[in-house]
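Visitor: Residue numbering for the sequence shown follows this note's numbering, beginning at 600 and increasing consecutively.
By construction, the Cβ of each residue, glycine as well, lies at the ideal position given by its N, Cα and C atoms.
This one's a predicted model, so the numbers in the text were calculated from it and none came from an experiment.
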Amino acid sequence: MGTIQSMPTRIARGPSAESIPRQNPRAKRDPRRRPIPFLEAKAALQQNLANRRARLQLSQRALAARSGVNVAYITQIETGNRNPTLLILGRLARALGTDIATLLRSANARTVRARRYSTRGRKPG
């Protein structure tokens, strides 16, 4: 008969601390790499959606009928309990006669320019 091999005393559970690459601590403090101000955009959306709806004298039910978005969902967006998708934002913006950028624009937001990168001289693929 064969011999019984002993079980290892330590069970490996994922990578060891030595094999996990460390992030550069300066990367977080680099002023050029700023995160998108998500909370500011969310607050701006809540305020702009409610203000635009009130300016057009629309109830949440009327906006829901125009946009095809559920009334409860509109309420949750305005109270900050939901994060709408771009599709929902597009529907709401169209029903309010505006665009998505206007709904997300904060009163104290600075203008951010998109960078264009040239693709000349690069090989496709």
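Secondary structure at Ala706, three-state DSSP: helix, strand or coil?
Guide: Counting from one through the sequence shown, the residue named residue 706 turns up at place 107. It is coil, neither helix nor strand.
Visitor: What residues in its chain sit with their C-beta under 6 angstroms from that of Ala706, if we drop five residues either side in the sequence?
Guide: Position 107 of the sequence shown, counted from the first residue, corresponds to residue 706. So the list is empty, once near-sequence residues are dropped.
Visitor: What first and last residue would you give for the alpha helix (DSSP H) that runs through Asn647?
Guide: As a first step, residue 647 must be located in the sequence shown, where it is residue number 48. Where Asn647 is concerned, the enclosing alpha helix (DSSP H) stretches over Phe637 to Arg654.
Visitor: What did DSSP end up calling Arg660 once you bin it into helix, strand or coil?
Guide: As a first step, residue 660 must be located in the sequence shown, where it is residue number 61. Helix, per DSSP.
Visitor: Kindly indicate which three-state DSSP category Gly689 falls into: helix, strand or coil?
Guide: The count along the sequence shown starts at 1 and reaches residue 689 at position 90. Gly689 falls in the helix class under three-state DSSP.
Visitor: Consult DSSP for Val670 and reduce its assignment to one of helix, strand or coil.
Guide: Here residue 670 refers to the residue found at position 71 when the sequence shown is read from its first residue. Note: Val670 maps to helix in three-state DSSP.
Visitor: Does the beta carbon of Ala661 fall short of 8 angstroms from some heavy atom of the ligand GDP?
Guide: The ligand GDP is not part of the structure shown, which contains no ligands of any sort.
Visitor: With a cut-off of 8 angstroms on the beta carbons, I'd call Lys641 and Gly689 a contact; round off their distance for me.
Guide: Position 42 of the sequence shown, counted from the start, is the residue given in the question as residue 641. Position 90 of the sequence shown, counted from the start, is the residue given in the question as residue 689. Rounded, the Cβ-Cβ distance is 17 angstroms, inconsistent with contact.
Visitor: Roughly how many whole angstroms lie between the Cα atoms of Ser661 and Asn669?
Guide: On the sequence shown, position 62 is the one that residue 661 refers to. On the sequence shown, position 70 is the one that residue 669 refers to. For the sequence presented, residue 661 should be read as Ala rather than Ser. When rounded, the distance between both Cα atoms is 10 angstroms.
Visitor: Just tell me which of Ala664, Glu639 and Gly696 has its CA closest to the CA of Arg654.
Guide: Here the question's residue 654 lines up with position 55 in the sequence shown. When each option's Cα is compared against that of Arg654, the closest is Gly696.
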